[in-house]
Each structure stands twice: as C-alpha cells, then as structure tokens.
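There are 4 protein chains.
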Amino acid sequence: MADAAFHGVFPYLVSPIDAAGEVKADVLARLCEHLVKAGVHGLTPLGSTGEFAYLSWPQRRRIVETVVAAAKGRVPVVAGVASTTIADAVMQSREFERLGCSGILAILEAYFPLSDDGVFEYFKAIAEAVAIPVVLYTNPNFQRSDLGLPVIDRLSRVPNIRYIKDASFNTGRLLSIINRVEGRMQVFAASAHIPACVMLIGGVGWMAGPACVAPRQSVELYELCRRKDWGAAMERQRPLWNLNQAFARHNLAACIKGGLELQGYAVGAPLPPQSPLSPEGVEEVRRALQAIGAL
Amino acid sequence: MADAAFHGVFPYLVSPIDAAGEVKADVLARLCEHLVKAGVHGLTPLGSTGEFAYLSWPQRRRIVETVVAAAKGRVPVVAGVASTTIADAVMQSREFERLGCSGILAILEAYFPLSDDGVFEYFKAIAEAVAIPVVLYTNPNFQRSDLGLPVIDRLSRVPNIRYIKDASFNTGRLLSIINRVEGRMQVFAASAHIPACVMLIGGVGWMAGPACVAPRQSVELYELCRRKDWGAAMERQRPLWNLNQAFARHNLAACIKGGLELQGYAVGAPLPPQSPLSPEGVEEVRRALQAIGAL
Amino acid sequence: MADAAFHGVFPYLVSPIDAAGEVKADVLARLCEHLVKAGVHGLTPLGSTGEFAYLSWPQRRRIVETVVAAAKGRVPVVAGVASTTIADAVMQSREFERLGCSGILAILEAYFPLSDDGVFEYFKAIAEAVAIPVVLYTNPNFQRSDLGLPVIDRLSRVPNIRYIKDASFNTGRLLSIINRVEGRMQVFAASAHIPACVMLIGGVGWMAGPACVAPRQSVELYELCRRKDWGAAMERQRPLWNLNQAFARHNLAACIKGGLELQGYAVGAPLPPQSPLSPEGVEEVRRALQAIGAL
Amino acid sequence: MADAAFHGVFPYLVSPIDAAGEVKADVLARLCEHLVKAGVHGLTPLGSTGEFAYLSWPQRRRIVETVVAAAKGRVPVVAGVASTTIADAVMQSREFERLGCSGILAILEAYFPLSDDGVFEYFKAIAEAVAIPVVLYTNPNFQRSDLGLPVIDRLSRVPNIRYIKDASFNTGRLLSIINRVEGRMQVFAASAHIPACVMLIGGVGWMAGPACVAPRQSVELYELCRRKDWGAAMERQRPLWNLNQAFARHNLAACIKGGLELQGYAVGAPLPPQSPLSPEGVEEVRRALQAIGAL
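Chains as they are written, first to last, in the working numbering: chain A, 183 to 477; chain B, 183 to 477; chain C, 183 to 477; chain D, 183 to 477.
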C-alpha cells in the first residue's frame, strides 16, 4: 500500500492532549478507526489542524506512533515534519520513517526570511534523509516563507519529492504548478481550495482539516470527481463548501476539535493560550455539520 | 440586446492615448470591431487594464463614446465607473448611460479606509442613478477597500445590482458568494481565476484583459464550458492559463498593450510614468501568444 | 518670504466643501487667518487631511486660490499636487505656481506598482515644470508606492527638490535619509512621528493635520525645539502626542474637521461615502483638545 | 544587582553552535567577558539575534547556563523565553530563574492568530511562574501576534511585569505606551528605533543586536543620554545609526555573527538552512564597524 501513489482524501488529524500534556492515544486511535472505516485514503497527523506548532517533540512522536498503530497498514500515514532547522527536520523525518509512516509532509518554519537556496536545501535534506515519498507543504497564510514556482520546479526534480499540498487561497497557482512540473509532482488541495475545482484541473486529492468531521461526504465527493461526473460532484461540493467556510471563520484546530466533540470524540480544546471554540462557534459548526448529514 | 443577461467573454479594453493626450479613436474602434467579429459577448472599457486610474474624465468619456459607437449595438458595452466620491461616481454613471452603455462596472476607489456602510452607500448610489444593470467590481490586490460577504449580500438586494466581478486570487470566495446570494447576483471571473473552474462552480463568464489578445480562444473555451464538456474545456484551458500567467508577471496594461502591438494594433504604451513592456516582456508575450495560435 | 527656507509648523488644511460641491471659501479663509495669527510658519492645502484624493481639479484649484489669497504673502503656501500621471501632475504644478504658491508638495498616486525609474521621472518632471521648491511626500500607509533610500538620494540631486515629508511610522528611516542626503534635502515630520524626536535628529519642522486644531501649542513646541530646550520640549510634547494618537484612531480628515467644528469653524464633514466623525469620536477629540487648552 | 532596576545597554547575544549542534561555551563566555568589560549594563541571550527560533531546548538551556556563569553576577542576565504554549513557557521561565537569571524576556510565538485574552494569559502565566522581573517583547516584523495598547496596559498591572522591549519601527508607539502605563512599566528600545530618541521620550535603555559588536560606543551614547547632553548624544548617534542600517539590510543573526567573526570571535554562521553573511555583506559590516572605531 505504501508503494501506491498517494491520492484521495487525507484528513488532517487533530492532536488530543490532556491537561497533563499527555496524548490521549485511545481517543486518537478511535478517531483513526472511524476515518478509515469511512473510506479515507490516508491519515495526516501533525498538519496545521494537528497543532504541530504547539506540540513538543515527545508529543509529536507519540501522536505519530498512535496513528501508525491505528492505521494497521490499511491506509498510508503521512506525518507532518516541521522545523526551522535542517538538522531537526532530518531527525524528525528519520524517526517518523522508522515508526512506519508511508510519507512525510514537509513543513518549513522560519523566523527570519529565507533565500530560495535555503528553502531548497531544507526540503532536499528531508527528502534525502528518508526513502519514503515527501509531500511539500506550503501555507502562505500562516508561514513566513513561501514556495515560488522556480523553487517548486527545482524541488520537483528531487527523486522522492512527489507531491505538493498548497494551502494558499490562489487556485490559479495550482494550475501554474501543474503546468510547470509536468507530472514530476502531483498536487493535493487544502481546505482553502474548492476540491472539485482542484480535481478538475488535475489534482489528485486533498489534505484538509474538515475531512476529519465529514469523511464520508468527502470520499463521496472524491469518487464523483474521479468518475468525472462533474455535475453531481458540484451538487455535493456546494453544501460541503459551506462547512469549509464555517471553519475558515474560526481557529482551525479549535473548530475541528469542537466539531469532533459534537460527534462524540473527546479530543478536548486546543492547547492554551489558544481559546476553545466559542459557544457561537459551536452552534455554527453544529449547523454546518447537520446540513451535510454529519451530525 | 441590452435586456438579455450579461454572460460570456467580456474583454477589458486597453485605452490607446497619443502623446498629446488624445484618445486614438480609430485604433480603439478597429480593435472593438475585431473583438466583436471574434465572437466576444461584450466589451468592457475602463477596467484596470483600461488604465482608468490614469485617465482624465474627458479621456474616459471619449473612450466610452468610441466603444459604444464601434459596438453598433451588437454586444453590450459595460463601462467602468471609478471614483472616491459618490457625487463623481453618480455623474460618471449617468453620463455613460446617456452615451448608450448597457451596464456599469462599478469600481470603488479609496484613500482612507471605509466602513461597510460607506461601501454600501457608494454602490447603491450608482445603482439608483441609472436604469441599466450594475456589475460590482472588487480587486483586493490593487484597491484599498474590499467587499466582504455581508456587504455583498446587502448589495445583491439592490434591484439593478445584478453581477459581481471578483479579481481576488481566491476562487473559493466566488463559491461562497454564489452560495450566499442565491441567484440574486451572477458571478464573473477575472484574469486571476481559472475561467473553467469559475464556470464549473456556477459563474456566467469572465471579464479579463487577456481576452483582448485571445478573443477567439476565449470564446471557444467559454462555449465548451457552456456545453459542460469539461474535459475538452480543460484541454483548452491549460495553455490559455499560461497566457494569464505571463501577463501576471508584468504590469497588466503594459502587457496587453504590448500584445496588441504585436498583433498590429497601434495602441501605444501605458501612460507615463508607467513603463512600456520591456524587451524581455515582449518576447515572453510573443511566445505566449504564439503557443495558443494568437500570433 | 518665499525665498527663505521652509521650516517650522505647516498645518495640513482641511477642505470645506458644501453639499453642492462648492468650496466654502469664507470658512477656509477664516481658518487660514486664524492659523497665521497663531504663528504657523506655512500653510499646506491638499495633503491627505485635505482630502486631495476626493476632490475634482476645479475644487482643488479653488482651494489653493483661496489659501493663497488668505495668506496674503505672510507665510508660504505649499500646495499638494497628486496624480497618477506625469502630464496631469505637471499641469497641476504649473497652475499652482501661477496662482502664487511658494512650493509644491509632490504626491505620487499609483494603481499598478511602479519601478524606481518611474518614481524618479514623476517627481523630476514636477520639479522641472516649476521654479519653486518641491517637497517630496511619502505615505506608505495609504499609498501603493513607496520611496526607497536610493531613489530619494537620486531625487535629492534634482536642484529644486529640497524637502521631504515622510508619513511612515518609521522614525529611524528619517535619520537614514538625513545621513544619506547630506544636506541636499531637509526633512519634515508628519503626524505619525514625534515632532520633538524629528527635530532632535535634524528635522526642520512638521507638516501635519493636528496642527490645524492646535496651532499655538505646535508653534510653542517648535520654538522650544529650535532653542534646543529638549526638557521643556518633551514636557509640551507628551500631552500633544495624546492628541495625535486620538486622531490616529479615526479617519484623519473626519477627525480634523470634527475638531475644527468644535472650535467654531463650519468646515463640515468629509466627502461621502466617507463618514463624519462618530459621536464617540467627537467626545474623544473634545477631551484631547481640552487637555491641551485648545478648546 | 538583580534587585536594581534594569537600565542601559543590553546586547542581544548571538548563539555560537558548532557543526555537531553543541554550544561553543568558551567562545560565548569570552564574548560575555568582553561585553561586561566594555561596560554593558546587562546581557540578553536568546533574543531574535540569538536565534531562539532555531535552537532546541537543551541548546537554549546550555546557552543561558554559560552566560550566567560568565556574567559572574556583575550584570543582570535577562534570558529570552519563547514558546507557543503556556505550559512550555512556564517550564522554560522556571528553569532560567533556577539557573540564576535576573529577568525573563518574554516572547510569544504563535501559529494561529490569538485573542487579546490569550496574549494576556500567556504573559501573566510567565510572570506568575517566577519571582524575577519580566520584560515583554514585541516584534511585529517577525511575529504573527502583536501587543496592542489595551493589552499592554492590562499587563503593566501584573506585579513583576516591569519592562517592555518594542521592536516595531514605530517610535511614536513607544511614547503612546509611556503615556499610557504611567510608570508601571519601563520601556527599552530595540535596534529599529533610534536610541537617543527613545531616551529623550523617557526610555531607560536598549536591548539590541548591534550592541554586541559596538558595546563601548553604545555605552558612551547611553551615558550622554543619561546626562541629557543631547547635542553630544546626537553626534555619536548619527554614525552609530549607520551601523544599525547596515545590519537591517541583512539577516540579523548572520550580520552580528559576521561582525563578531571580524572582531575575532569564532561564533560561526547562523544555523542552516539560514545562509552565512555574503561576502558583500561582510565588506559592508567591516566598513560600518571601521567607521565607528569598532574594528
């Protein structure tokens, strides 16, 4: 399974942590089981939704360990590696490969601005440190660095960098990437893009937080897109998009955690000083989930 | 014709001005004739590409007069009205209606930030000043004000505000608008969006500078989208998108004017102190046009 | 007087316009008389506070005519010229010189980004069109273009470009300019800088909206700075700064107009769709003025 | 010494790390000794210049341990605590107090935007975790969160939050803070402000990277400001400012490390993928240091 190309719906998993800072492994495992049974094509711990920026290395390691065990080889686990330094990113990547991940979602954190050469070296070092495929992650909304087309092109020529997940709002940029990399890299959408549009222009799926609370609906949408039944896909897409929009109005992690609590998963709130979802937010998420039959 | 709903390809016309500041009416008329013969569904003078921000009121008036005369009623002329004040915008709108325009493309300029109420009052005043349909124009990349969903919703309830042209890069925002206004307003894409995607999610066409140099190719793409032949549409869309990207790398007006010069229209350069297209830019545009058979 | 170097306090005048769009020349003249009697060193119509971006050319022309007549040669009038094109800026500058202005405050408006060469050409063309001194105006908070150190250096070598008024929040940038232009250009502060600090580092005065409602207090602060009595200057500066901060929280033109209304000048509200100062804003301005004895 | 109020020049120390990731304690200790002998009033490890965002917790801990040992109680050590979570920040703060620091420089990292309440809770938790004074750190240029006046006011009422170090470019903001907190908190400048100006308006010193390579010159400037000899202070300030500007053009850590290498401290380059200072950068720094007699 790890050899097949990644495609389809990869929910960004939340990170349930208790008051003592321990990973709530049982809750996380139950969520993974639910998602796999709902048909998702992969699991992605430690994305933005997974609060990677708020977790210690032992917490991150425990999360990945738990997800790999829960996946039981049924779907690929693509874990987020995020750091400001090459040395730390390489260490994280090797450990996640050793733990049994099928891929690395490579995230570059930065404090000072970075040259394109620095960006290239960071991702290349991750790719060379492991044998599993690497998914580039770019999120200009929250990150200090961005990946321009020239450096994406260079990175697409590194053998095991085989995917890019773009979290900008700029869907046109995805087509520019697709036109430029000529198949050397496949494109995943994020929650800021309309999945049906990204599938139409040649994407292979999406990695997104909302898929955590609407896995079945997401998979159905994906299957319609795969069958190129665009009319039916858009009929599903329209109400699902309202869910994305509801989530976009709030802290992403707070929102997905709030939605999962409504669905019966005791994942808790985001780590302080982040706020839990407000009561109005809870009502908005409840309505959005009910509207698509996810509650 | 003015009564039918606007739809399809509306090229943003450039504004050819000679060294003495006179509108080159013959060149502009010849360009309009060419575009109409190529099948475009409307003509839009005085958008961003038309350098509205660089023209005096007499120049703008003369441009619109020329385009209306050249259109000979075959396609609707939707002229750009742009101002910082209500009084001036109302004056411009009335005059354009009197000159025979079929619609107003309403652009809000601002120096100081504006409240949503101020934004609403501006567009409502334009709509109430004329009997023809109004197209809202939003371009967060170049403008100091933006139109949020709540004010778009309010404006969609003003009787003759019937369209919105969104020039953000955020395609998801278009679906949010479509979901929100429930048919009270129709959506046009701009050159920052992939037209095929916007048509898929429910758009009615696009208003864009590149259509000025690729009118036939744009119309063919539109027809494929209308017939919901999405596979064939994407085959056309892909190379056309490279054209948009080439234009995005340069000053939009300089680029379209440069492309038209290559096609034999002596439209000149943008108004100083704007620079004409650089020699490398000319070569890039030449290659982009040749690649789609537009040169 | 017009030959002496500009220095000291130059209030940015508001532009009183009645409902029919006519300049309220009598109110404006009375305000000018009051300011000159309070000891200001110059008058500056058509800055940001003067809503240049909201006025037609006939309105702007009438404003300048009125201010020149009211000044009666007692203080220099430095009028704002703002445009997107060289041709229009040159026309405005020549006319303001002809009307009797002692200097031009040169403002560059832009819609598309502009190269440094374009920026240089714009200001150079203004300087060459007139014989009177030119003050460069830079306001990165509201404008799409900014003046970097290299282009400021180039412009400082154009004979009659002799001053720069910087409206960034970056006071360090002023010292960088002073270090770089080596006396070829003098620096005026704007309301975003602490005047006493700018005087300490070598500035020659300030052009600012708040001086319109606190002319006497501003002049007293200036005199203390001129005498290098920095301790006494800071004692005046501290409460005056609270006034600047009160104004910074609101639309600048609305605020200064609101303050002047409280002081008995019927200057009206900013042009629609801008909002008049809110009732809470009026109270805040009232308190700020009372605290410094300006009401 | 730890009881006296912090004031004067606190150089931001660089973090020398060898290829194996070990802190070069001997180099760091020698640098601290040099700075203390040059008369600096305190030492600040783990600011931006100290690459806190690139270091692991063991590296940070070792840096602080080394600096405290090198200071030998002669000057206060105020160490940077930076985290995204309250739990981690509290742990770091307690450990730094235990290691013998005289103060905490409290830095808030964030990935998702944070409410003012969240900001308040973060800093309050640090202050309550230790008995030593806390310096708030705000750097809107590199950080995702900013501290507005209302939350600064609230924080100034927490007993041992007694200082704020502002790294914005907005010097006026410092006077607004000083006016607002009425002595409950003292203000330190950062390298983006002109130190003499901040001293004039009531600041108590500066925490800055450039003081690492120009400690003697910085202390002389501080003493002139303390004696209110503003004329002489500005004579020193002007050439020193050119140094700040040279540093502002490059990655701050790379620049200070490059300058220290020129002065004979083998501090190495910033951690990869950050680039070392370019050859042109080295020459620029060399000239800037020579101009003030620091090389």
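Heads up, the beta-carbon is just placed ideally off N, CA and C, and yes, glycines get one too.
Worksheet item: By the 10 Å Cβ neighbour count, where 16 or more other Cβ atoms means buried, how is A/E462 classified, buried or exposed?
Response: exposed
Worksheet item: Which value, in whole angstroms, describes the spacing of the CA atoms of A/A261 and A/F234?
Response: 10 Å
Worksheet item: What is the rounded straight-line gap between the Cα of D/M497 and the Cα of A/V316?
Response: Examination of residue 497 of chain D is not possible in this model, given that chain D is present from 183 through 477 alone.
Discussion item. Does any residue of chain G have a CB that is nearer than 8 Å to the CB of C/I268?
Written reply: Included in the structure are the protein chains A, B, C and D, with no chain G among them.
Worksheet item: Based on the DSSP secondary-structure assignment, which residues constitute the bridge partners of D/Q225?
Response: Here the sequence assigns Leu to residue 225 of chain D, which means Gln is not the residue at that position. For D/L225, which the question treats as bridged, DSSP gives the partners D/V259.
Worksheet item: If we ignore side chains and look at the alpha-carbon of each, how far apart do B/E310 and B/G282 end up?
Response: 17 Å
Discussion item. Give me the chain C residues within the contact set of D/F351, using Cβ-Cβ distance strictly less than 7 Å, ordered along the chain.
Written reply: F351, N352, G354
Practice prompt. Please check the pair A/A372 and A/D348, which I expect to be a contact at CB under 8 Å, by giving their CB distance rounded to whole angstroms.
Written response: 6 Å
Fill in: Same chain, Cβ closer than 6 Å to B/G475, neighbours up to 5 away in sequence not counted
none
Discussion item. Quick check: what's the CA-CA separation for B/V395 versus A/N361?
Written reply: 21 Å
Fill in: N- and C-terminal bounds of the beta strand (DSSP E) containing A/F192
190–193
Worksheet item: Does the beta carbon of B/C214 sit closer than 8 Å to a beta carbon anywhere in chain A?
Response: no
Worksheet item: Does C/P461 get closer than 8 Å to chain B when you measure Cβ to Cβ?
Response: no
Practice prompt. Return the CA-CA distance between A/W412 and B/G354, expressed in angstroms with no decimal places.
Written response: 17 Å
Worksheet item: Out of curiosity, what's the CA-to-CA distance linking D/A184 and D/A470?
Response: For D/A184, the predicted structure reports a pLDDT of 41, less than 50, and the residue's modelled location is therefore unreliable. A value from the coordinates is still provided. For D/A184 and D/A470, the distance between alpha carbons rounds to 34 Å.
Worksheet item: What residues in its chain sit with their C-beta under 6 Å from that of D/V340, if we drop five residues either side in the sequence?
Response: K306, A309
Practice prompt. Along the alpha helix (DSSP H) that carries C/V301, what are the first and last residues, could you check?
Written response: 298–311
Fill in: Extent of the continuous beta strand (DSSP E) to which C/F370 belongs
368–371
Discussion item. Measuring alpha carbon to alpha carbon, tell me which residue in D/A292, D/Y447, D/M367, D/Q445 is nearest A/L237.
Written reply: D/A292
Item to complete: Run through the region 327–401 of chain C for me and flag every whole beta strand (DSSP E) of 3 or more residues, listed as ranges in chain order.
Response: 343–348, 368–371, 387–390
Discussion item. Please report the distance separating the alpha-carbon of B/V222 from that of B/A187.
Written reply: 14 Å
Practice prompt. Kindly indicate if chain B contains any beta-carbon less than 8 Å away from that of C/Y492.
Written response: Absent from the model: residue 492 of chain C. The displayed extent of chain C is 183 to 477, so no value can be given.
Worksheet item: beta strand (DSSP E) containing D/A288: first to last residue?
Response: 285–290
Worksheet item: If we call anything under 8 Å between Cβ atoms a contact, is B/A253 one with B/L225?
Response: yes
Practice prompt. Could you name the residues of chain C that D/Q399 contacts, counting a contact when the two beta carbons are closer than 7 Å?
Written response: The premise fails here: D/Q399 is roughly 16 Å from chain C at the closest Cβ pair, so nothing lies under 7 Å.
Practice prompt. Following the continuous alpha helix (DSSP H) through C/V467, name the residue where it begins and the one where it ends.
Written response: 461–473
Discussion item. Any contact between the region 450–466 of chain D and the region 426–437 of chain D? By contact I mean 3 or more CB pairs, one from each, below 8 Å.
Written reply: yes
Worksheet item: Would a check of beta-carbon distances place B/M416 closer than 8 Å to chain A?
Response: yes
Worksheet item: Quick one: which chain D residues come within Cβ less than 9 Å of C/A374?
Response: N352, G354
Practice prompt. Would you check if the distance between the CB atom of D/I268 and the CB atom of D/V205 is smaller than 8 Å?
Written response: no
Worksheet item: What did DSSP end up calling A/Y319 once you bin it into helix, strand or coil?
Response: strand
Worksheet item: Expressed to the nearest angstrom, what Euclidean distance is found between the alpha-carbon atoms of B/S400 and A/N321?
Response: 32 Å
Worksheet item: How is the alpha helix (DSSP H) around B/E443 delimited, first residue to last?
Response: 434–444
Worksheet item: Should B/Y304 and B/A271 be called a contact, given that it needs their Cβ atoms to be closer than 8 Å?
Response: yes
Discussion item. At a CB distance below 9 Å, what residues from the region 435–465 of chain B approach chain C? Give them in sequence order.
Written reply: A435, A436, P452, L453, P454, P455, Q456, S457
Worksheet item: According to the neighbour-count rule (16 or more other Cβ atoms, all chains shown, within 10 Å of its Cβ), is B/R280 buried or exposed?
Response: exposed
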